Amino acid sequence: MKKADFNTPILFIIFNRPDTTKVVFEEIRKIKPKKLFIAQDGYRENTINEKEKCIESRKITEKIDWDCEVKKLFQEKNLGCGLGPVTAINWFFDNVEAGIILEDDCVPNQSFFYFCQELLSKYKGNEKIMHISGDNFQYGRKRGWGSYYFSEYTHNWGWATWRRAWKYNDFELLNSEMRKHIWDAQWNLSVHKHKGLAILPNVNLVSNIGFNNEATHTKKPAKYANLQSEEITLPLTHPKITMRNYLADLFTYQDHFNGSIKNLFIKKIKRVTPSFIKYPFKLLIRKIKKINLESRQNSIFEKYRDFTMIPKKIFCNNLGLINRFSHIDGCVV
Numbered sequence: 303m304k305k306a307d308f309n310t311p312i313l314f315i316i317f318n319r320p321d322t323t324k325v326v327f328e329e330i331r332k333i334k335p336k337k338l339f340i341a342q343d344g345y346r347e348n349t350i351n352e353k354e355k356c357i358e359s360r361k362i363t364e365k366i367d368w369d370c371e372v373k374k375l376f377q378e379k380n381l382g383c384g385l386g387p388v389t390a391i392n393w394f395f396d397n398v399e400a401g402i403i404l405e406d407d408c409v410p411n412q413s414f415f416y417f418c419q420e421l422l423s424k425y426k427g428n429e430k431i432m433h434i435s436g437d438n439f440q441y442g443r444k445r446g447w448g449s450y451y452f453s454e455y456t457h458n459w460g461w462a463t464w465r466r467a468w469k470y471n472d473f474e475l476l477n478s479e480m481r482k483h484i485w486d487a488q489w490n491l492s493v494h495k496h497k498g499l500a501i502l503p504n505v506n507l508v509s510n511i512g513f514n515n516e517a518t519h520t521k522k523p524a525k526y527a528n529l530q531s532e533e534i535t536l537p538l539t540h541p542k543i544t545m546r547n548y549l550a551d552l553f554t555y556q557d558h559f560n561g562s563i564k565n566l567f568i569k570k571i572k573r574v575t576p577s578f579i580k581y582p583f584k585l586l587i588r589k590i591k592k593i594n595l596e597s598r599q600n601s602i603f604e605k606y607r608d609f610t611m612i613p614k615k616i617f618c619n620n621l622g623l624i625n626r627f628s629h630i631d632g633c634v635v
């Protein structure tokens, strides 16, 4: 497949990181999209040097030396990490039917663009498929016999979707405080709510280079940071059956989201429980949680009773505060 064949619109979301913006934009320059949308949130007045960094990041995206239709959305005021990206994506799909979304710290392999383009075309009319990701966090484990597999997880370090899917995004699913900082959780929940599936490649196609002190959310190192991207073989080998890969999702649940088999089991039982017995089931779960909590409180009290003069009832009722202010190991409730 030749690069001249690439005709999928790209939304590039930038902010205040000219160093990573430059690296990602260089990959966009190589693919030479015919339509490029660039969105940037406004700088924060109380953040030192942020205005200058935003201007520098914006200048990098002006170096367009190929035939390209460019649209820009530069906010005058800061909308934040929640509303900012959502506003940009809404604007993008007001203008296109389908496209690729890249943020300023997600470096794609060149084959990522063709991967997305082929799948955007193949699943255009399949309402069940709502998300195409360039991310693979299976660490070398291949899932199925195809170039990709289906998942409930909408990893978004380089992704693509359609207007027909994005229209179901419900930004209000989280409370107002969380919405200031998060947008992608709502998208994952929206896909789940509508029983949608995401496509994930069997090799990692995007590397997130944004884990550092300059980041808003990804300051701490993580094993999935800076994962090497690989080239995927084209044309793609498509799975025979459109079905979620539960084994891959179980691995992601445990590895990526620190989930436990016990909690997953309870979640699945809830999902298949008939409505007329859901209330007794909820009471049972509450009782189990209460027993577990009381057991944990008792064990913690026994551990620290030698040096605490607090009565047991008051101690247990205030474990959360005690943990917050004195950092007693194991006192999280």
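Here my numbering is used: the first residue of the sequence shown is 303, the next is one more, and so on. Glycine included, C-beta positions come from ideal geometry on N, C-alpha and C. These figures come from a predicted structure and were not determined experimentally.
- For Lys-495, the enclosing alpha helix (DSSP H) stretches over residues 486–495.
- Spatial neighbours of Ala-341 in its own chain (CB-CB distance under 6 angstroms, excluding positions within 5 residues in sequence) are listed in chain order as Ile-315, Leu-375 and Ala-390.
- Looking at Asp-557, Thr-310, Glu-358 and Asn-438, the one whose alpha-carbon comes closest to that of Phe-339 is Thr-310.
- According to the DSSP assignment, Lys-337 belongs to the beta strand (DSSP E) that extends over 337–342.
- Listed in chain order, the beta strand (DSSP E) elements of length 3 or more contained wholly in the region 385–442 are 400–405, 408–410 and 431–435.
- Cα atoms of Pro-320 and Ile-511: separation of roughly 12 angstroms, rounded to the nearest angstrom.
- If you draw a straight line from the Cα of Phe-308 to the Cα of Gly-386, it comes to about 28 angstroms.
- Distances from the alpha-carbon of Trp-461 to those of Lys-444, Val-409 and Leu-529 put Val-409 closest.
- The Cβ atoms of Phe-415 and Ile-333 sit closer than 7 angstroms to each other.
- If you look at Val-326, you'll find it in the alpha helix (DSSP H) that goes 320–333.
- Glu-420 and Arg-331 have their C-alpha atoms roughly 20 angstroms apart.
- A check of alpha carbon separations from Thr-544 across Leu-476, Lys-525 and Gly-446 identifies Gly-446 as the nearest.
- In this structure, Leu-475 sits near Leu-491, with a CB-CB distance shorter than 7 angstroms.
- Cβ atoms of Tyr-455 and Thr-554 come within 8 angstroms of each other, at about 6 angstroms.
- The beta carbons of Asn-380 and Lys-355 sit about 13 angstroms from each other, so the pair does not count as a contact at 8 angstroms.
- Secondary structure of Tyr-548 (DSSP, three-state): helix.
- DSSP, reduced to helix, strand and coil, places Ser-478 within a helical segment of the structure shown.
- According to the DSSP secondary-structure assignment, Lys-374 is paired through a beta bridge with Ile-340.
- Secondary structure note for Ile-312: its beta strand (DSSP E) is the uninterrupted segment 312–316.
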